[in-house]
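Report on the structure given below.
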Amino acid sequence: MDFNLSEEYQMIKEAARDFAQYELKPEVIQRDEEQKFSAELVGKMGDLGFMGMMVSEKYGGAGLDALSYALALEEIASIDASAAVIMSANNSLVCFGLEKYGTEEQKQKYLLPLASGKKLGAFALSEPEAGSDATSQHTTAVDKGEYYLLNGTKNWITNGGTASTYIVIAQTDVSKGHHGINAFIVEKGMEGFEIGPKENKLGIRSSDTHSLMFTDVKVPKENRLGEDGFGFKFAMETLDGGRIGIAAQALGIAKGAYDLARLYSKERKTFGKPICEHQAIAFKLADMATEIEAARLLVYKAAWLKDQGLSYGNASAVAKLFASEVAMKTTVEAVQIHGGYGYVKEYHVERLMRDAKITQIYEGTSEIQKIVISRDLLKH
Ligand code: CAA
Ligand code: FAD
Numbered sequence: 283m284d285f286n287l288s289e290e291y292q293m294i295k296e297a298a299r300d301f302a303q304y305e306l307k308p309e310v311i312q313r314d315e316e317q318k319f320s321a322e323l324v325g326k327m328g329d330l331g332f333m334g335m336m337v338s339e340k341y342g343g344a345g346l347d348a349l350s351y352a353l354a355l356e357e358i359a360s361i362d363a364s365a366a367v368i369m370s371a372n373n374s375l376v377c378f379g380l381e382k383y384g385t386e387e388q389k390q391k392y393l394l395p396l397a398s399g400k401k402l403g404a405f406a407l408s409e410p411e412a413g414s415d416a417t418s419q420h421t422t423a424v425d426k427g428e429y430y431l432l433n434g435t436k437n438w439i440t441n442g443g444t445a446s447t448y449i450v451i452a453q454t455d456v457s458k459g460h461h462g463i464n465a466f467i468v469e470k471g472m473e474g475f476e477i478g479p480k481e482n483k484l485g486i487r488s489s490d491t492h493s494l495m496f497t498d499v500k501v502p503k504e505n506r507l508g509e510d511g512f513g514f515k516f517a518m519e520t521l522d523g524g525r526i527g528i529a530a531q532a533l534g535i536a537k538g539a540y541d542l543a544r545l546y547s548k549e550r551k552t553f554g555k556p557i558c559e560h561q562a563i564a565f566k567l568a569d570m571a572t573e574i575e576a577a578r579l580l581v582y583k584a585a586w587l588k589d590q591g592l593s594y595g596n597a598s599a600v601a602k603l604f605a606s607e608v609a610m611k612t613t614v615e616a617v618q619i620h621g622g623y624g625y626v627k628e629y630h631v632e633r634l635m636r637d638a639k640i641t642q643i644y645e646g647t648s649e650i651q652k653i654v655i656s657r658d659l660l661k662h
């Protein structure tokens with residue numbers, strides 16, 4: 283077993299760190315305050331190969347593996363968690379499924395511009411009444427011969443307003459339950475497809491989240507992804523990989539907050555010495571560092587399993603569950619270590635604390651991760 287990162291992995295980490303430091307950091311507070319999505323920065327992420335990291339070069343991607351992806355996401359999220367989720371939705375929720383299950387025509391038409399960062403993708407599974415209970419799909423797609431007629435509403439869709447390509451999960455045959463669910467590629471601008479107002483969120487405020495409304499949208503037959511009835515398993519398999527991305531995002535948020543708290547604790551003096559010399563503060567740092575390291579190992583392990591072609595659904599749920607809890611705990615403690623300064627925007631940690639919360643909710647809440655993990659361990 284080798285815990286050292288190869289030179290290539292270190293280079294990927296450094297490229298992402300530099301991008302985060304020099305491009306994302308300067309206006310990160312302003313983007314958060316104004317809920318401003320930056321197409322320019324997303325374009326730069328595309329130029330650097332971050333928008334289709336695991337897609338083969340043949341389809342416009344960077345041809346890298348899941349560990350490279352996790353390393354890059356960790357660095358980016360440590361500075362700007364919104365940029366991380368924009369990137370992760372495009373990479374693991376959209377590009378992954380298109381490359382694995384798309385036809386050659388679908389890959390040429392949709393995957394190429396998404397993987398190269400020229401266009402942005404979104405993944406629409408959740409609905410007003412189907413979040414955790416994802417099989418309860420109310421959106422319908424009725425087979426009309428040459429096309430499917432799509433009707434329904436999707437909720438909370440990341441990149442919802444800024445994407446141009448959407449993977450939409452819908453029920454085609456209610457009588458078949460989750461075996462009657464399919465995944466479709468829907469384009470922005472299709473007649474009957476409307477985008478709701480931008481959600482005003484607690485955190486990840488510079489990533490845009492919208493509901494999507496479909497009224498008699500004619501989705502061409504050739505836009506179905508995979509075999510008939512494969513849509514639910516497609517969504518679950520997509521989320522197995524997606525959760526590695528969110529776990530890496532959570533890890534990055536925790537690392538970002540810890541780095542700031544550690545530095546601050548050496549500078550800030552009370553009672554004649556730096557606060558890191560008060561054991562209460564030093565012990566907080568010790569706990570943070572320990573938990574971050576444990577989260578990192580879980581994230582890397584899940585990515586490694588995926589890269590080896592081994593089963594990784596359970597490992598990605600474990601990594602996401604643990605890393606998101608660590609992100610929440612670490613960011614709260616980072617604010618505490620900053621005292622009053624931690625409560626204002628200039629010091630970054632309050633934003634990281636707000637950003638951390640979502641990692642316990644999306645791509646399956648912590649409670650859902652425990653369902654996935656416990657079912658898996660009881661199965662064997
Ligand atoms: N891979 C392949 N197939 C899977 C699977 C997986 N990981 N997990 C389940 N399945 C299959 C099952 O085998 C079953 O098929 P069969 O009946 O043929 O055996 C079918 O899917 C249904 O599975 P369950 O009976 O386990 O279904 P359930 O209703 O009990 O729910 C669940 C399972 C794990 C709770 C699921 O509903 C779930 O993951 N919910 C959370 C949804 C979620 O994570 N949403 C995220 C939206 S995207 C997002 O949030 C993006 C973002 O923020 C950026
Ligand atoms: P519910 O399912 O209503 O859950 C409410 C509470 O009950 C939670 O605490 C949950 O853990 C708990 N609970 C539910 N069922 C059980 C159970 N069986 N056992 C124990 N506890 C349970 N979705 C997408 O499809 N695409 C996206 O791009 C996307 N982006 C998002 C971005 C943001 C900012 C947000 C807020 C959400 C996003 N989502 C997206 C939706 C997200 O995945 C759901 O919000 C999440 O899966 C939870 O669903 P829900 O909100 O309906 O909560």
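Under this note's numbering, think of the first position of the sequence shown as 283, with each following residue one higher.
Every residue gets a Cβ at the ideal spot worked out from N, C-alpha and C, and that includes glycine.
- Pairing Leu-407 with Gly-434, the inter-Cα distance amounts to about 11 Å.
- Within the stretch 426-490, the complete beta strand (DSSP E) runs of at least 3 residues fall at 429-440, 447-453, 463-469, 475-477.
- Contact annotation, Ser-374 with Gly-524: C-beta distance approximately 4 Å; criterion of less than 8 Å satisfied.
- Taking non-hydrogen atoms of the ligand CAA into account, the C-beta of His-492 is found less than 7 Å away from none of them.
- Here the stretch 538-547 does not lie against the stretch 648-655, with fewer than 3 beta-carbon pairs under 8 Å apart.
- For Phe-514, there is no enclosing beta strand (DSSP E); the enclosing alpha helix (DSSP H) covers residues 513-549.
- Shown here, Gly-328 sits in a helix according to DSSP, grouped into three states.
- Taking 7 Å as the cut-off, one finds no heavy atom of the ligand FAD near enough to the beta carbon of Leu-380.
- In the structure shown, Glu-645 falls within a coil segment according to DSSP collapsed to helix, strand and coil.
- Secondary structure remark: continuous alpha helix (DSSP H) runs of at least 4 residues inside the stretch 301-387, in chain order: 310-316, 321-329, 348-361, 363-370, 378-383.
- If the five residues before and after Ala-302 are omitted, its C-beta is found closer than 6 Å to the C-beta atoms of Glu-357, Ile-358, Ile-361, all from its own chain and listed in chain order.
- Per DSSP, Phe-405 is one residue of the beta strand (DSSP E) stretching across 403-406.
- Ser-493 sits in a strand when the DSSP states are folded into three classes.
- Within the DSSP secondary-structure output, Lys-555 pairs in a beta bridge with Thr-552.
- Taking C-beta atoms as the reference points, Gly-328 and Met-335 fail to come closer than 8 Å.
- Taking 8 Å as the cut-off, the Cβ atoms of Gly-379 and Leu-507 count as close.
- Exclusion of the five residues before and after Leu-323 leaves Glu-305, Leu-306, Ala-365 as the residues of its chain whose Cβ lies within less than 8 Å of its Cβ.
- If you draw a straight line from the Cα of Gln-531 to the Cα of Gly-427, it comes to about 42 Å.
- Of all C-beta pairs linking the stretch 492-503 to the stretch 577-596, fewer than three are shorter than 8 Å, placing the two stretches out of contact.
- With respect to the 8 Å criterion, Thr-520 and Ile-574 are not classified as neighbours on the basis of their beta carbons.
- Rounded to whole angstroms, Glu-387 and Arg-544 show a C-alpha spacing of 51 Å.
- Close CB contacts of Lys-551 within its chain, under the 8 Å cut and outside five residues either way in sequence, are with Ile-557 (chain order).
- Burial state of Leu-494 is buried, judged by a 10 Å Cβ sphere holding 16 or more other Cβ atoms.
- Gly-474 and Phe-496 do touch by the CB rule: their CB atoms are close to 6 Å apart, below 8 Å.
- In this chain, the alpha helix (DSSP H) harbouring Gln-618 covers 595-620.
- In the three-state reduction of the DSSP assignment, Leu-396 falls in the helix class, which pools H, G and I.
- A distance below 6 Å between beta-carbons, with the five flanking residues on each side excluded, links Leu-603 to the following residues of its chain, in chain order: Ser-648, Gln-651.
- Annotation for Tyr-582: the continuous alpha helix (DSSP H) segment containing it runs 561-589.
- Each residue's CA atom was taken as its position, placing Ala-638 and Ser-489 some 14 Å apart.
- If the five residues before and after Asp-522 are omitted, its C-beta is found closer than 7 Å to the C-beta atoms of Tyr-594, Gly-595, Ser-598, all from its own chain and listed in chain order.
- With contacts defined by Cβ atoms closer than 8 Å, Lys-480 and Gln-317 form a contacting pair.
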